Each structure stands twice: as C-alpha cells, then as structure tokens.
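Chemist: Structure incoming, see below.
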C-alpha cells in the first residue's frame, strides 16, 4: 500500500517556481530518500504534503486521503521535523513537549522520557537557552513523541554532532522496524545512502529519477582505478567511459556498459593494481547535476 | 475551539494584559484624584477652558463635556482609556497570526492535527478573553475611583454602564481589523508599529473631525462610533454608527477566516 501518492503536484509562489509536475509514491514501511540541492523544492514538497501550503495544481494523498481536504485527519499520524527548528522561546522544553503532546489523544509522558533520554535532552531548560543542536533534539522528540506512522524529516541532521547523528539514525531505524514509513529529505548523500531503500532525486523543481539505491549504484556506473606501467592512459578512451583522468601512472574513469569490454582492455595492458567499485551516491549524483 | 491552544495563547498574553490593565487603572486613579478640584471650581474651570481655541477643545472631544460632573469628567478620561485599549487590541489583532510566522512557530502549530478554523477560533477567543480581563480591571478601578474621589456626587449609573460596556465593541473592532490587515500584507515583521499606527491613527482621525468639522470622517473611526461624550449627553449609543462599527468588525473577522484558511505559511529563511 502506498502511504504517499503524489500526482503531478505543482506549486508556484506567484511567478517563482516551487515544484513542477512532481509524481511519486512512497510505500508503507520504507525509508524514502529525497535528494536535491538547496532550492530544488524538497521543503516545498513536504510543506505541500503537510498542507502548510496549497498546491497550484495536481494532487497528493497521504494514507489514501487528499491532503487539501483531509489535512487534520492525516496529520494525526504524522511526525514532522522541520529543517530549521524554532519554538516558543519563553517556554521550557518539557512544557513545549507537553503542549505538543496535548494535540494527540493518549498519554505520552513515558515516551517523552524515553526519547529525551536517548537523545540526551535536558527537559527543564528554557528553549531560548538552548544551542542549535539542542533545539534540533527538541524537534526530534517533538516529532516522535506521539508515535506517528509517517515521519517527515527535512534535513534532520544539520547541527547534530556525529555521535548524535548516529543515535538519531538508530532511532529512525528502530521506528522503521516498527513499521513507520520515513520520508527523508537531504542534500547529504552519505546519510541517505546509509538509511534509505529508495531515493527520488529532485532538481529545479522536477523529479529527475526515482529508483532503488542498489539499482542506482549497480546498473549505472562502475568506478575503475588502475595503476599502469608505461601505457598511454588515453587508450582507455573507449565507448562507455566517462570522466577519464590520469596522473602519475594511475588512471580513473567511470564505465557504463558491458563490463567485459573493460576487462579485456585491462588484460591487454600491463597493470600493477586494479580496483573496480560501485561509485558512491555522491558521484552518481554529480552526474545528474551536470 | 481547542482548549490547549486557548490556554497557551491566553498564558502567552497574560503579562501584557497585566501591564496594560494596571497602567490604565493607575491612570484612572491619578486622573480622578484631580476631580475634586474641577468639581469645586466648576465655574472657574469652564471659564478657563472657554479661553482655549474651540479647535483644541474639539480635538479632545471636550466641546460638549461638563467637567464638573462625574460623567463629564469621566468621558475626558475615557478618551485616554480608549486610546490605550485601541493600541492594545490592535497589537493583539496584528500579532494573533503573524507572531507565529515571524517567530517561525507556525510550522509547529499547523502541522498538528487541528483545522485552521479551530486554530483561529481558539486564538480569537483567547485574545478576546485577555481583552475582557483588561475590561474587568478597568470597570472595577473606575467604580473604585469614583467612590474614592467622586465626593458622593450623583451620576446616572446606567449611562456609565453603557460607556463601560462600549469598550468590548471598541476592542473587537481593533482586534479584527488588525487581524485582517495582518493577513492581507505579506509579512508583519514587527507588531508594535502596526498596532500603534492603527490605534493612534484612528484617534487622530477622530481629533481631526473635531478640528475641521469633517463629519464624514467620523464614519471611519471607532473613537466617534463610541464617543463617550455622545453617550453621556444622550444616555444612549449612536445606533447607526455602532452598527457600522460592528459590521466592519464582523466583515473583517469573516475575511480573516477566509484568508487564513487559504494562507500559504511562509517557509523559514
């Protein structure tokens, strides 16, 4: 079952573009990565799904319900961590969390305790006294305390130190194994690679590609590095080879196509070292942006 | 209405309510402490005032005030109370929705499972309760001041109630007009200039109608719709103007709901 169905969703702010004709689905229980540079339309998409803003055209459904007409119902089971966290400055952390919890039925005290222990959040400090990273932690606890079925994370790791990032990822994975669907927007590819099963790539408001992380890495490109003796590196300039670079007897390139062609070529020259590996998402990503 | 939003909103305004209402109470007492002088030397006082140019007297709405009576004196004081209350109500109106946006907490509130209609209703009721709490302090301090400094002079209680009650209609106007303006402009960065502008602007308009005798201007300003001197002189509201005032408030409120439900919450940064 699709938790999120987005159909030709378009948003213009006056004349300036938000997103154009965006279509994708997110299935129940998956961690969907949403990548793109700043200003590509990641936040716009999330804000449309939360009905913080209204679409110019197209439609979107969450849990099978239209986001424009049934927003409040949908939001009952949504947790949202905005990219920049700002809360009522005069309040104490615990008061804010209680205020947040009061919007959802049931008692969430226990869960607030657990989450803030995991994230090492001090509950009795004033929000105005918190550092950026600590405010982010408030955001994380606030977004999770009502045990939502769908999580929107908008560049969640900025401001968290590496240790906290890891704890955060563990937390998200744990939620995911409980069946929570995660929509993870980021421009940092490493973290998307670590966490997500599928990714959508957005650029200048349009979706350029949606695929499995595995297929994205496997079917596309191989990254080949060779150390060669006395051979002309330019002899590797064959069909399917891109980004050919040579320095001090080492040759790097990306290859797409029948891998045997490269292997034959390699065996025809004298090499001292060979590595053939999957490119990082980062490197694939750069390709989409060229 | 959501009780939790109401509570949050009411609490966040409580300090401001205390400051406004205690200041107004202090002004009331200070001002009324001068009443015995005015009352004892009524003839001298009125003679003295007659020496002022009529334009100036008109600007303070004193053309038809008799400062030697309790209600006459109070209607001059009431003008200042109205000015304070106008600024306070405008502030609340302008800030009702825009503070969430300028302090970037709108995302928090609007991603909760509540409809915007409910959010706005809860916010409006909280602001109105804050204003009525202010009124309570004003009403009590008015009676206390009259008791303390009125020298037992007789006055028409019913008329005073009319004057005091007019505050609620008056506040509703500034609250709702402030709110609708804040939703019409793209972003309110700071509430105070808008609030001062609306409150003081309305007062200036009313002063000018006095000075220049432009009667049509009084259609625009609540200071004329609910002129205490008029109420005291006629023992009644100026019904057409009060209805006009209420109509503007209600249209503003309706428009605010319409705008707020369709509003795109501006993103951070």
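Residue numbers (this note's numbering), protein chains in the order written: chain A, 1 to 290; chain B, 1 to 269.
For each residue, glycine too, the CB sits at the ideal point set by N, CA and C.
Predicted model only: the values in this text are computed from it and were never measured.
(1) So, using beta-carbon positions, are residue 242 of chain B and residue 173 of chain B closer together than 8 angstroms?
(2) Using a Cβ-Cβ cut-off of 7 angstroms (strictly less than) and excluding sequence neighbours within five positions of residue 379 of chain A, which residues of its own chain qualify?
(3) Can you grab the Cα-Cα spacing for the pair residue 142 of chain B / residue 28 of chain B, in whole Å?
(4) Which residue comes first and which comes last in the alpha helix (DSSP H) that contains residue 177 of chain B?
(5) With a CB to CB cut of under 6 angstroms and the five nearest residues on each side skipped, what residues in its chain are close to residue 47 of chain A?
(6) Please state whether DSSP places residue 114 of chain A in a helix, a strand or coil.
(7) Which of the three DSSP states is assigned to residue 248 of chain A in this structure?
(8) At the 8 angstroms Cβ level, is residue 265 of chain B part of the contact set with chain A, yes or no?
(9) Is there at least one Cβ from chain C nearer than 8 angstroms to residue 101 of chain B's Cβ?
(10) Under 8 angstroms Cβ to Cβ from residue 164 of chain A, same chain only, skipping five residues before and after it: list those, please.
(11) Here's a check: name, in chain order, each residue in its chain whose Cβ is nearer than 6 angstroms to the Cβ of residue 152 of chain A, leaving out the five neighbours to either side.
(12) Pull out every residue of the stretch 92-120 of chain A whose Cβ sits closer than 8 angstroms to any Cβ of chain B, in chain order.
(13) Classify residue 51 of chain A as buried or exposed, calling it buried when 16 or more other Cβ atoms lie within 10 Å of its own Cβ.
(14) Short check: CB of residue 207 of chain A to CB of residue 197 of chain A, under 8 angstroms?
(15) Please state the DSSP three-state secondary structure of residue 58 of chain B.
(16) Given this structure, state the Cα-to-Cα distance separating residue 251 of chain A from residue 283 of chain A, to the nearest angstrom.
(17) Quick one: give me the first and last residue of the alpha helix (DSSP H) that residue 103 of chain A is part of.
(18) Are the C-beta atoms of residue 210 of chain A and some chain B residue less than 8 angstroms apart?
(19) Using 8 angstroms as the threshold, is the C-beta distance between residue 138 of chain B and residue 24 of chain B below it?
(20) Tell me where the beta strand (DSSP E) around residue 38 of chain A begins and ends.
(21) Evaluate residue 61 of chain A with the Cβ neighbour count: other Cβ atoms within 10 Å of its Cβ, from every protein chain shown; 16 or more gives buried, anything less gives exposed.
(22) Reducing DSSP to helix, strand and coil, say where residue 191 of chain A ends up.
(23) Within a Cβ cutoff of 7 angstroms, which residues of the same chain sit near residue 73 of chain B, ignoring the five residues on either side of it in sequence?
(24) Would residue 82 of chain A and residue 154 of chain A be called neighbours here (beta carbons separated by less than 8 angstroms)?
(25) Under the three-state reduction of DSSP, which class applies to residue 206 of chain A: helix, strand or coil?
(26) Spatial neighbours of residue 162 of chain B within its chain, please: C-beta separation below 6 angstroms, excluding the five flanking residues on both sides.
(27) Interface residues of chain A around residue 262 of chain B at Cβ under 9 angstroms?
(28) So residue 71 of chain B and residue 159 of chain B are in contact, right, with Cβ under 8 angstroms, and what is the actual spacing, rounded?
(29) So, helix, strand or coil for residue 151 of chain B, using DSSP?
(30) Sort out for me which residues DSSP pairs residue 277 of chain A with in a bridge.
(31) I need the DSSP call for residue 81 of chain A, collapsed to helix, strand or coil.
Modeler: To lay it out plainly:
(1) Numbered from 1 along the second chain, position 242 holds the residue referred to as residue 242 of chain B. Numbered from 1 along the second chain, position 173 holds the residue referred to as residue 173 of chain B. With contacts defined by Cβ atoms closer than 8 angstroms, residue 242 of chain B and residue 173 of chain B do not form a contacting pair.
(2) In the structure as shown, chain A begins at 1 and stops at 290. Residue 379 of chain A is therefore absent and cannot be evaluated.
(3) Within the second chain, numbered from 1, the residue matching residue 142 of chain B stands at position 142. Within the second chain, numbered from 1, the residue matching residue 28 of chain B stands at position 28. Spanning the two alpha carbons is a distance of roughly 7 angstroms.
(4) In the second chain, residue 177 of chain B corresponds to position 177, counting from 1. For residue 177 of chain B, the enclosing alpha helix (DSSP H) has its first and last residue at 157-184.
(5) Along the first chain, one-based indexing puts residue 47 of chain A at 47. By the criterion of a C-beta distance shorter than 6 angstroms, residue 47 of chain A is surrounded in its chain by 53, once the five residues flanking it on both sides are discounted.
(6) By 1-based counting over the first chain, the position of residue 114 of chain A is 114. Here DSSP, grouped into helix, strand and coil, assigns residue 114 of chain A to helix.
(7) Taking the first residue of the first chain as position 1, residue 248 of chain A is located at position 248. Coil at residue 248 of chain A, not helix or strand.
(8) To locate residue 265 of chain B, count along the second chain from 1; it is residue 265. At a cut-off of 8 angstroms between beta carbons, residue 265 of chain B contacts chain A.
(9) Of the protein chains in the structure, A and B, none is chain C.
(10) Reading the first chain from its first residue, position 164 is the one you call residue 164 of chain A. Answer for residue 164 of chain A: 119, 120, 133 and 137, listed in chain order.
(11) Numbered from 1 along the first chain, position 152 holds the residue referred to as residue 152 of chain A. The residues 46, 80 and 183, in chain order, have a CB closer than 6 angstroms to that of residue 152 of chain A in the same chain once the five nearest residues on each side in sequence are set aside.
(12) Taking 8 angstroms as the Cβ-Cβ cut-off against chain B, the residues of the stretch 92-120 of chain A that qualify are 99, 100, 102, 103 and 104.
(13) Counting from one through the first chain, the residue named residue 51 of chain A turns up at place 51. In summary, residue 51 of chain A is buried, with 16 or more beta-carbon neighbours lying within 10 Å of its beta-carbon over all protein chains present.
(14) Mapped onto the first chain, residue 207 of chain A falls at position 207. Mapped onto the first chain, residue 197 of chain A falls at position 197. Going by C-beta atoms, residue 207 of chain A is not nearer than 8 angstroms to residue 197 of chain A.
(15) Counting from one through the second chain, the residue named residue 58 of chain B turns up at place 58. Shown here, residue 58 of chain B sits in a helix according to DSSP, grouped into three states.
(16) Along the first chain, read from residue 1 onward, the residue named residue 251 of chain A stands at position 251. Along the first chain, read from residue 1 onward, the residue named residue 283 of chain A stands at position 283. Looking at the two C-alpha atoms, the distance is approximately 17 angstroms.
(17) In the first chain, the residue the question calls residue 103 of chain A occupies position 103. DSSP places residue 103 of chain A outside any alpha helix (DSSP H), giving it a letter other than H or E.
(18) For this step, residue 210 of chain A is matched to residue 210 along the first chain. Residue contact check for residue 210 of chain A against chain B: no CB pair falls below 8 angstroms.
(19) As a working mapping, residue 138 of chain B is identified with position 138 in the second chain. As a working mapping, residue 24 of chain B is identified with position 24 in the second chain. Cβ distance < 8 angstroms, so residue 138 of chain B and residue 24 of chain B count as in contact.
(20) Looking up residue 38 of chain A in the first chain gives position 38. Careful: residue 38 of chain A lies outside any beta strand (DSSP E) and carries neither H nor E.
(21) Here the question's residue 61 of chain A lines up with position 61 in the first chain. Buried is the call here.
(22) Residue mapping note: residue 191 of chain A aligns to position 191 of the first chain, counting from 1. It is helical.
(23) The sequence position of residue 73 of chain B within the second chain is 73, counting from 1. By the criterion of a C-beta distance shorter than 7 angstroms, residue 73 of chain B is surrounded in its chain by 35, 38 and 67, once the five residues flanking it on both sides are discounted.
(24) As a first step, residue 82 of chain A is located in the first chain; it is residue number 82 there, counting from the start. As a first step, residue 154 of chain A is located in the first chain; it is residue number 154 there, counting from the start. Closer than 8 angstroms, so yes.
(25) Your numbering for residue 206 of chain A matches position 206 in the first chain. Reduced to three states, the DSSP call for residue 206 of chain A is strand.
(26) Locating residue 162 of chain B in the second chain gives position 162, counting from the first residue. Sequence-distant Cβ neighbours of residue 162 of chain B in its own chain, meaning closer than 6 angstroms and more than five residues away, are 231.
(27) Taking the second chain and counting its residues from 1, the one referred to as residue 262 of chain B is at position 262. For residue 262 of chain B, the C-beta contacts it makes with chain A under 9 angstroms involve 54, in order along the chain.
(28) What you label residue 71 of chain B is simply residue 71 of the second chain in a count that begins at 1. What you label residue 159 of chain B is simply residue 159 of the second chain in a count that begins at 1. Yes, they are in contact, since the Cβ atoms of residue 71 of chain B and residue 159 of chain B sit about 6 angstroms apart, within 8 angstroms.
(29) Position 151 of the second chain, counting from 1, holds the residue named residue 151 of chain B. Residue state for residue 151 of chain B is assigned as coil, using DSSP reduced to three classes.
(30) To locate residue 277 of chain A, count along the first chain from 1; it is residue 277. DSSP lists A:223 as partners of residue 277 of chain A.
(31) Here the question's residue 81 of chain A lines up with position 81 in the first chain. Residue 81 of chain A falls in the strand class under three-state DSSP.
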